[in-house]
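What follows is one structure encoded as structure tokens, with my remarks underneath.
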Amino acid sequence: MADAMYAETFYTAKVIGSTILGAYCHWTGHPEGGVDQNMSAEVRGDVSLLLSGRLVSEDRQQGFLDSLLQGYEELGRDVFAQLNGTFAGLLIDRPRGQVFLFNDRYGFERVYVCETDGATYFASEAKALLAVQPKTRAFDEQGLSQWLGMGCTV
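What the sequence shown shows, in the working numbering, is residues 314 to 467, in sequence order.
Have a look at this one:
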């Protein structure tokens with residue numbers, strides 16, 4: 314999947330994950346602005362967080378990722394319902410054995426998902442899923458009608 318995301322050979326890459334939970338996230342981008350400005354990762358103890366996009370926070374003094382991790386420690390999964398902005402993210406909580414894939418309430422930051430019998434794959438671009446999951450290459454009439462009618466699939 315990651316190979317499909319490299320637009321140029323000089324792109325940089327970062328990875329977060331958990332072998333025990335079987336959750337991995339790999340992202341790529343231009344070394345002068347793409348991967349570091351639009352994507353951020355934070356690891357606090359056994360909790361890893363990846364965020365793409367921008368959060369709107371009332372607390373401008375504290376970093377967005379730090380604030381989100383603190384909110385997660387206090388509220389658990391309820392913190393995601395309180396987020397504002399244009400974003401998609403992945404939170405891996407090793408001690409609790411939980412992985413959360415989340416995005417903004419209107420889906421401005423796209424997340425493409427493919428569920429198989431043994432795994433769930435996700436990507437910010439459909440081409441990454443198309444590269445590794447042959448079943449995603451089939452024509453979906455219902456999905457096409459939803460996309461034409463609403464600009465996205467349900």
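Even for Gly, the Cβ is constructed at its ideal location relative to N, Cα and C.
- Taking just the CA atoms, how far does ASP359 sit from SER295? Nothing can be reported for residue 295, as the shown portion of the chain is limited to 314 through 467.
- Query: For ARG357, which beta-bridge partners are listed by DSSP?
  - Reply: In the DSSP output, where bridge partners are listed per residue, ARG357 has VAL360.
- Alpha carbon of THR466 to alpha carbon of LEU404, nearest angstrom: Distance between the alpha carbons of THR466 and LEU404: 24 angstroms.
- Message: For chain D, check one thing: does any of its Cβ atoms lie closer than 8 angstroms to the Cβ of LEU414?
- Response: No chain D is present in this structure, which holds just one protein chain.
- Query: If GLY402 and LEU364 are in contact, beta carbons under 8 angstroms, what's the gap, nearest whole angstrom?
  - Reply: At roughly 4 angstroms, the Cβ-Cβ gap stays under 8 angstroms, so GLY402 and LEU364 are in contact.
- Query: Under a Cβ-count criterion, where at least 16 other Cβ atoms within 10 Å of its own Cβ denotes burial, should PHE452 be classed as buried or exposed?
  - Reply: With fewer than 16 Cβ atoms within 10 Å of its Cβ, PHE452 is classed as exposed.
- Task: Leaving aside the five residues before and after GLY420 along the sequence, list all residues of the same chain whose C-beta is less than 7 angstroms from its C-beta, in chain order.
- Result: So the qualifying residues of the chain are CYS465.
- Task: Look at GLU386 and PHE400 and say whether their C-beta atoms are less than 8 angstroms apart.
- Result: No.
- How would you call VAL392, buried or exposed, if buried means at least 16 neighbouring beta carbons within 10 angstroms? VAL392 is buried by the Cβ-count criterion.
- Report all residues from its chain with a CB closer than 8 angstroms to the CB of GLN446; omit the five preceding and five following residues, and keep chain order. In the same chain as GLN446, and ignoring 5 residues on each side of it, the C-beta atoms closer than 8 angstroms to its own belong to CYS427, THR429, TYR434, in chain order.
- Work out the CA separation of CYS338 and THR325 for me, nearest whole Å. So the alpha carbons of these two residues sit roughly 14 angstroms apart.
- Take the Cβ of PHE377 as the centre, count every other Cβ of all protein chains shown within 10 Å, and call the residue buried at 16 or more, exposed below. Classified as buried, PHE377 has 16 or more neighbouring CB atoms from the shown chains inside 10 Å of its CB.
- Message: Helix, strand or coil for ARG367? Go by DSSP, reduced to three states.
- Response: In the structure shown, ARG367 sits in a strand (DSSP, three-state: E or B).
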